[in-house]
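Engineer: Numbering (my numbering), first residue to last: 48 to 310.
Glycine included, C-beta positions come from ideal geometry on N, C-alpha and C.
A quick note: this is a predicted structure, and the numbers were derived from the prediction, not measured.
Quick one: this structure, given as structure tokens, is what I'll be asking you about.
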């Protein structure tokens with residue numbers, strides 16, 4: 048069986064579960080909009096100190112408006128999608144050694160380059176599908192609750208920025224799995240890096256004096272405020288992020304070619 052199709056089939060059940068979870072996360076998040084947008088709720092948030100707003104993820108957003116509320120909800124969607132991508136990237140490269148099926152690949156008349164390409168393409172398709180599910184469910188649920196102007200364009204920009212962050216962690220997970228001697232531990236390492244970068248994004252929400260460390264957190268590469276204001280995502284940051292993804296992917300090939308596979 049083609050390796051690409053084999054990987055798609057192997058990850059099918061997990062993709063369905065993650066997709067359902069993302070759909071339910073969007074539904075549960077949007078169901079709280081009526082509480083946040085009510086007069087009393089909005090007054091409470093306006094009286095909160097900025098540090099508490101930052102801790103809750105509200106920041107300077109007006110959660111009484113749908114665009115501001117979605118910006119408040121979005122980080123939870125983003126970190127969930129990023130976790131999926133990171134674990135998928137590390138797992139899809141390490142699975143043969145983990146599952147003791149390395150010999151299956153070694154006896155096939157295909158090169159290691161083909162194996163890596165097939166695995167990364169299958170992982171990419173999984174990320175795309177989860178991204179589409181999140182986009183469609185977000186637009187659908189926002190339209191169900193929104194009584195103001197249509198913000199489908201802003202939602203699309205949010206999900207596009209999430210897609211880029213997903214690819215960063217997907218490629219990082221694959222790189223760590225190809226690089227580490229104990230590839231099975233790469234999932235834990237990339238998860239630790241992911242949560243560390245998320246914590247950095249929260250820390251820098253409290254003060255702009257240490258914004259320089261945001262370079263270590265893909266969660267801060269794109270400005271939510273710019274998206275809410277209708278300015279979209281930064282082209283320059285997008286290009287740099289894509290270059291980072293390509294670099295991680297190239298290094299994945301480099302280290303995978305030099306692996307001492309355990310059979």
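#1: Starting from the C-beta of residue 120, find all residues in its chain whose C-beta is less than 6 angstroms away, skip the five residues before and the five after it, and write them out in chain order.
#2: Once you ignore the five residues that flank residue 304 on each side, which residues in its own chain have a CB closer than 8 angstroms to its CB?
#3: Whose C-alpha, out of 208, 283, 64, 280, is nearest the C-alpha of residue 125?
#4: Please work out which residues of its chain come closer than 7 angstroms, Cβ to Cβ, to residue 168, disregarding the five sequence neighbours upstream and downstream, and give them in chain order.
#5: From residue 296 to residue 134, what does the alpha carbon distance come to, in whole angstroms?
#6: Does the stretch 214-234 come into contact with the stretch 269-287, if we say contact requires no fewer than three beta-carbon pairs (one atom in each stretch) closer than 8 angstroms?
#7: Should the stretch 65-81 be called in touch with the stretch 180-199, which here means at least 3 C-beta pairs below 8 angstroms?
#8: Candidates 267, 298, 263, 266: which alpha carbon is nearest residue 226's?
#9: What does the alpha-carbon distance come out to for the pair residue 195 and residue 273?
#10: Go ahead and label residue 233 buried or exposed: buried means 16 or more other beta carbons lie within 10 angstroms of its beta carbon, across all protein chains shown.
#11: Specify, as a first and last residue, the run of the alpha helix (DSSP H) that residue 197 falls within.
#12: Let's see if you can read the secondary structure: which residues bound the alpha helix (DSSP H) around residue 160?
#13: Which value, in whole angstroms, describes the spacing of the CA atoms of residue 130 and residue 170?
#14: For residue 291 and residue 172, which I take to be in contact (beta-carbon distance under 8 angstroms), what is that distance rounded to the nearest angstrom?
#15: Less than 8 angstroms between the CB atoms is what I'm expecting for residue 117 and residue 202, so what's the real figure, rounded?
#16: With residue 264 as the anchor, note down where its alpha helix (DSSP H) starts and where it stops.
#17: Going by the beta-carbon positions, is the gap between residue 177 and residue 62 smaller than 8 angstroms?
#18: Do you know whose CA, among 80, 229, 248, 163, lies nearest residue 271's CA?
#19: Please classify residue 183: is it buried, with 16 or more other beta-carbons within 10 angstroms of its beta-carbon, or exposed?
#20: In this structure, how does DSSP classify residue 279 when only helix, strand and coil are distinguished?
#21: Just to confirm before moving on: does the CB-CB distance between residue 268 and residue 244 stay below 8 angstroms?
#22: What three-state label does DSSP hand residue 61 in the structure shown?
#23: Do you know whose CA, among 266, 237, 235, lies nearest residue 250's CA?
#24: By how many angstroms is the C-alpha of residue 222 removed from the C-alpha of residue 228?
#25: Starting from residue 251, follow the alpha helix (DSSP H) in both directions and report where the run begins and ends.
#26: Quick one: Cα of residue 69 to Cα of residue 165, how far?
#27: Output needed for residue 293: all residues of its chain with C-beta closer than 7 angstroms, excluding positions within five of it in sequence on either side, in chain order.
Structural biologist: Looking at the coordinates:
#1: Counting from 1 along the chain shown, the entry for residue 120 is found at position 73. Correct list, in chain order: 76.
#2: Looking up residue 304 in the chain shown gives position 257. 159, 160, listed in sequence order.
#3: For the purposes of this step, residue 125 is taken as the residue at position 78 of the chain shown. Ranked by Cα distance from residue 125, the options 208, 283, 64, 280 are led by 208.
#4: Residue numbering aside, residue 168 sits at position 121 when the chain shown is read from its first letter. So the list reads 51, once near-sequence residues are dropped.
#5: One-based indexing of the chain shown puts residue 296 at position 249. One-based indexing of the chain shown puts residue 134 at position 87. Rounded to whole angstroms, the gap between the alpha carbons of residue 296 and residue 134 is 15 angstroms.
#6: No, they do not touch.
#7: Contact between the stretch 65-81 and the stretch 180-199 is present, because at least three Cβ pairs lie under 8 angstroms.
#8: Mapped onto the chain shown, residue 226 falls at position 179. Checking every option, the nearest Cα to that of residue 226 belongs to 298.
#9: Position 148 of the chain shown, counting from 1, holds the residue named residue 195. Position 226 of the chain shown, counting from 1, holds the residue named residue 273. Roughly 19 angstroms between the two C-alpha positions.
#10: Residue 233 sits at position 186 when you count from the first residue of the chain shown. With 16 or more other Cβ atoms within 10 Å, it is buried.
#11: Locating residue 197 in the chain shown gives position 150, where the first residue counts as 1. Segment: none, residue 197 is in no alpha helix (DSSP H) and carries neither H nor E.
#12: For the purposes of this step, residue 160 is taken as residue 113 along the chain shown, with counting starting at 1. Looking at the DSSP string, the run of the alpha helix (DSSP H) that includes residue 160 is 159-192.
#13: One-based indexing of the chain shown puts residue 130 at position 83. One-based indexing of the chain shown puts residue 170 at position 123. Cα to Cα, residue 130 sits roughly 13 angstroms from residue 170.
#14: Position 244 of the chain shown, counted from the first residue, corresponds to residue 291. Position 125 of the chain shown, counted from the first residue, corresponds to residue 172. Incorrect: roughly 21 angstroms between the Cβ atoms, too far for contact.
#15: Numbered from its first residue, the chain shown carries residue 117 at position 70. Numbered from its first residue, the chain shown carries residue 202 at position 155. With a beta-carbon spacing of about 6 angstroms, residue 117 and residue 202 fall inside the 8 angstroms limit used to define contacts.
#16: Taking the chain shown and counting its residues from 1, one reaches residue 264 at position 217. No alpha helix (DSSP H) contains residue 264, which DSSP labels as neither H nor E.
#17: Numbered from its first residue, the chain shown carries residue 177 at position 130. Numbered from its first residue, the chain shown carries residue 62 at position 15. Against a cut-off of 8 angstroms, the Cβ pair of residue 62 and residue 177 comes out as a contact.
#18: Translated into the one-based positions of the chain shown, residue 271 becomes position 224. It is 248 whose Cα lies nearest to the Cα of residue 271.
#19: As a working note, residue 183 is residue 136 in the chain shown. Exposed, by the Cβ-count rule.
#20: Numbered from its first residue, the chain shown carries residue 279 at position 232. If DSSP states are grouped into helix, strand and coil, residue 279 belongs with coil.
#21: As a working mapping, residue 268 is identified with position 221 in the chain shown. As a working mapping, residue 244 is identified with position 197 in the chain shown. Taking 8 angstroms as the Cβ cut-off, residue 268 and residue 244 do not qualify as a contacting pair.
#22: For the purposes of this step, residue 61 is identified with residue 14 of the chain shown, where counting begins at 1. Secondary structure at residue 61: helix, using DSSP grouped into helix, strand and coil.
#23: Walking along the chain shown from the start, residue 250 turns up at place 203. The candidate whose alpha carbon is nearest that of residue 250 is 266.
#24: Numbered from 1 along the chain shown, position 181 holds the residue referred to as residue 228. Numbered from 1 along the chain shown, position 175 holds the residue referred to as residue 222. Rounded to the nearest angstrom, the two C-alpha atoms are 12 angstroms apart.
#25: Locating residue 251 in the chain shown gives position 204, counting from the first residue. Unbroken alpha helix (DSSP H) run through residue 251: 233-253.
#26: Start at 1 with the first residue of the chain shown, and residue 69 comes out as number 22. Start at 1 with the first residue of the chain shown, and residue 165 comes out as number 118. When rounded, the distance between both Cα atoms is 26 angstroms.
#27: The residue given as residue 293 occupies position 246 in the chain shown. Taken in chain order, the list of residues that qualify is empty.
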